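Asks: So in the numbering used here, the last one in the sequence shown is 507, and the numbering has no gaps at all. Using N, Cα and C, we set each Cβ at its ideal position, and we do this for glycine too. Quick caveat, the model's predicted, so the values are computed rather than measured. So that we are looking at the same thing, I have put the structure below in structure tokens.
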Amino acid sequence: MKKIIAVFSFFMVSNVLFAQQDPQYTHYMYNMSVVNPAYATGTESVLNLGGLYRTQWVGAVGAPKSFTFFGHMPVNDKIEVGVSLISDDIGDGAKKENNFFADFAYVLKFRNNHKLSFGVKAGFTSFQSNFNGFKLESGNASTDLAFAEDVNMFKPNIGAGAYYFTNKYYVGLSVPNLLSSKHIEERNGINAFGSEDIHAFLTAGYVFRIAPDFKLKPAFMTKVVKGAPATIDVSVNLLYANKFELGAAYRLDDSVSALMSVFVSDNIRIGYSYDYTLSNLGQFNSGTHEIFLLFDLDFLGKGFDKSPRFF
Numbered sequence: 197m198k199k200i201i202a203v204f205s206f207f208m209v210s211n212v213l214f215a216q217q218d219p220q221y222t223h224y225m226y227n228m229s230v231v232n233p234a235y236a237t238g239t240e241s242v243l244n245l246g247g248l249y250r251t252q253w254v255g256a257v258g259a260p261k262s263f264t265f266f267g268h269m270p271v272n273d274k275i276e277v278g279v280s281l282i283s284d285d286i287g288d289g290a291k292k293e294n295n296f297f298a299d300f301a302y303v304l305k306f307r308n309n310h311k312l313s314f315g316v317k318a319g320f321t322s323f324q325s326n327f328n329g330f331k332l333e334s335g336n337a338s339t340d341l342a343f344a345e346d347v348n349m350f351k352p353n354i355g356a357g358a359y360y361f362t363n364k365y366y367v368g369l370s371v372p373n374l375l376s377s378k379h380i381e382e383r384n385g386i387n388a389f390g391s392e393d394i395h396a397f398l399t400a401g402y403v404f405r406i407a408p409d410f411k412l413k414p415a416f417m418t419k420v421v422k423g424a425p426a427t428i429d430v431s432v433n434l435l436y437a438n439k440f441e442l443g444a445a446y447r448l449d450d451s452v453s454a455l456m457s458v459f460v461s462d463n464i465r466i467g468y469s470y471d472y473t474l475s476n477l478g479q480f481n482s483g484t485h486e487i488f489l490l491f492d493l494d495f496l497g498k499g500f501d502k503s504p505r506f507f
């Protein structure tokens, strides 16, 4: 267990600059508005709400825990707006980060129900550290100058994206945090800092109708950030009768996952995934759990026969 704490400590106080990655999700295909401000459903008068909770590397001391809430809705056939909250906790309170954003997307319509949207997001990030009681492998954190003073920072941020979609597929490119920042600068004579660098996301998904009641839904996401290896996620879900979904996912050199979701009603959906760690961190944890809840509120009562998220 102490080795995990040592890993977190190393990334926080190393003299070399390392990029801190944003939270990652296995159900990224149903969390798209957080990644890309241009994400749009085009379903007028339907408010899409969602929440996702992820507890990573269960059993490892100080392992990350992330919570996301989002909501978005078309104002008319060309404009969609939304909000999102991302809360990330590492080290059982040693490092907390909260991101609040408002999104705006403008949708262009083409022939055969093809659409292209451009989006921007604006908001702020709050960052706090609490090293009280934080223990290092070499001793108590209070004796280490790099941990002698907590950090409490507030930073504005903006993001942008593009999203092309039809009734069968989507492709998105986004940079949700265009303003990079440094969380810890030189203090107490120690050149130790962590950074929040620009993240770029490429996402795509397709729906194949393989039988009257079955749809095959492959999806893909790549995340690139300076100072860290590219993250590549590939997933495949099988949807039965628009009610029940089972799938599998692979994150390159990191994990394999099992996914499932159920439509409790026409407008409520719940899902769960389990990640099995393939990297050397696997010996220190029992895997990662993720749950989500999606709720669609139809103000006009017209109803719809498909999920506005990933069809």
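Gly401 and Lys419 look like a contact to me (Cβ under 8 Å); what is the Cβ gap, rounded to whole Å?
Replies: That belief does not hold up - the Cβ atoms of Gly401 and Lys419 are roughly 15 Å apart, past 8 Å.
Asks: What is the rounded straight-line gap between the Cα of Ser461 and the Cα of Gly315?
Replies: One C-alpha to the other measures close to 30 Å.
Asks: Give the DSSP-derived three-state secondary structure of Leu489 in the structure shown.
Replies: Three-state DSSP puts Leu489 in a strand.
Asks: Quick one: Cα of Thr264 to Cα of Asp285, how far?
Replies: Between Thr264 and Asp285, the C-alpha separation is close to 12 Å.
Asks: Quick check: the Cα distance between Leu442 and Pro233, rounded to an integer number of angstroms?
Replies: Going from the Cα of Leu442 to the Cα of Pro233 covers about 27 Å.
Asks: Taking the straight line between their C-alpha atoms, what separation do you get for Leu374 and Ile354?
Replies: Near 6 Å, if we compare the C-alpha coordinates of Ile354 and Leu374.
Asks: Can you give me the Cβ contacts of Lys261 inside the same chain, cut-off strictly under 6 Å, excluding the 5 residues immediately before and after it?
Replies: For Lys261, where only same-chain residues beyond five positions count, the Cβ hits under 6 Å are Thr251 and Asp285.
Asks: Grab me the residues of Phe506's own chain with a C-beta within less than 8 Å of its C-beta, minus the 5 sequence neighbours each way, in chain order.
Replies: Hits under 8 Å: Met225, Tyr226, Met228, Tyr366, Gly401, Val403, Lys413 and Ala415.
Asks: Just verifying my parser: in three-state terms, what is the DSSP assignment at Val231?
Replies: Correct three-state label for Val231: helix.
Asks: How many angstroms separate the CA atom of Ala424 from the CA atom of Pro408?
Replies: When rounded, the distance between both Cα atoms is 43 Å.
Asks: State the Cα-Cα distance for the pair Val257 and Ser325, rounded to the nearest angstrom.
Replies: If I take the Cα positions, the gap works out to 16 Å.
Asks: Indicate the three-state DSSP secondary structure (helix, strand or coil) for Ser205 in the structure shown.
Replies: Any answer about Ser205 is weak, because its pLDDT of 41 lies below 50 and its placement is not dependable; what the coordinates show is given next. Reduced to three states, the DSSP call for Ser205 is helix.
Asks: Pick from Asn476, Phe296, Ile275 and Gly478: whose alpha carbon is nearest that of Tyr235?
Replies: With distances taken between Cα atoms, Tyr235 lies closest to Ile275.
Asks: Out of Ile464, Gly483 and Asn481, which has the shortest C-alpha to C-alpha gap to Leu493?
Replies: That would be Ile464, whose Cα lies nearest to the Cα of Leu493.
Asks: Can you have a look at Val230 and say buried or exposed, based on whether 16 or more other CB atoms are within 10 angstroms of its CB?
Replies: That one is buried.
Asks: Quick one: grab the DSSP three-state call for Asn295.
Replies: Here Asn295 sits in strand by DSSP.
Asks: Please report the residue range of the beta strand (DSSP E) in which Leu281 lies.
Replies: Counting along the chain, the beta strand (DSSP E) containing Leu281 begins and ends at Ile275 to Ile286.
Asks: Classify Met197 as helix, strand or coil using the three-state DSSP reduction.
Replies: With a pLDDT of 40 at Met197, under the threshold of 50, the modelled position of that residue is not reliable, and the figure given next carries that caveat. If DSSP states are grouped into helix, strand and coil, Met197 belongs with coil.
Asks: For my contact list, Ser469 and Leu455 are in at a C-beta cut-off of 8 Å; report their separation, rounded to the angstrom.
Replies: Sure, about 4 Å apart at Cβ, within 8 Å.
Asks: Are the Cβ atoms of Asn438 and Phe410 separated by less than 8 Å?
Replies: Not closer than 8 Å, so no.
Asks: Look at the Cβ atom of Ala318, then the Cβ atom of Phe297, and state whether they are nearer than 8 Å.
Replies: Yes, Cβ-Cβ distance for Ala318 and Phe297 is below 8 Å.
Asks: Return the CA-CA distance between Gly368 and Ile394, expressed in angstroms with no decimal places.
Replies: Their backbone Cα atoms lie some 17 Å apart in a straight line.
Asks: Suppose you measure from the CA of Asp450 to the CA of Val254; what does that come to, to the nearest Å?
Replies: If you take the alpha carbons of Asp450 and Val254, they lie about 15 Å apart.
Asks: Within 10 angstroms of its Cβ, does Asn295 collect 16 or more other Cβ (buried), or is it exposed?
Replies: Looking at its Cβ environment, which holds 16 or more other Cβ atoms inside 10 Å, Asn295 is buried.
Asks: Do Val277 and Val271 come within 8 Å of each other at the CB atom, strictly closer than that value?
Replies: A contact, by the Cβ cut-off of 8 Å.
Asks: Taking 8 Å as the threshold (C-beta atoms), are Phe266 and Gly287 in contact?
Replies: Result no, Cβ atoms of Gly287 and Phe266 do not sit closer than 8 Å.
Asks: Can you tell me the Cα-Cα spacing of Asp273 and Leu477, whole angstroms?
Replies: When rounded, the distance between both Cα atoms is 47 Å.
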